[in-house]
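In what follows, a single structure is set out as structure tokens and then discussed.
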Amino acid sequence: MAPTPKKKHSTMRTGKRRVTKGHMLPQVVYDKNTGHPRLSHRHKNA
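When we follow our numbering, the leftmost residue of the sequence shown carries the number 8, and every step to the right adds one.
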């Protein structure tokens with residue numbers, strides 16, 4: 008169970024946090040067996 012926020016974050020602070028999520032590019036790794044590109048298992052974009 009996550010803790011409840013005690014104070015409201017400002018719009019600017021919330022926006023700064025949200026904007027960085029869009030800048031992360033998917034990490035592409037080439038498969039050793041097939042040589043096809045695929046997403047890395049460490050990929051975090053959520």
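Where a beta carbon is used, it is the ideal one built from N, C-alpha and C, also for glycine.
Sort the options by Cα distance to residue i and report the nearest one.
i     : options             : result
TYR37 : PRO10, SER17, LEU46 : LEU46
Does DSSP put residue i in a helix, a strand or coil?
i     : result
LYS23 : helix
ASN40 : coil
Considering only residues of the same chain and omitting the five flanking positions on each side of residue i, which have a CB-CB separation below 6 Å?
i     : result
PRO44 : VAL35, TYR37
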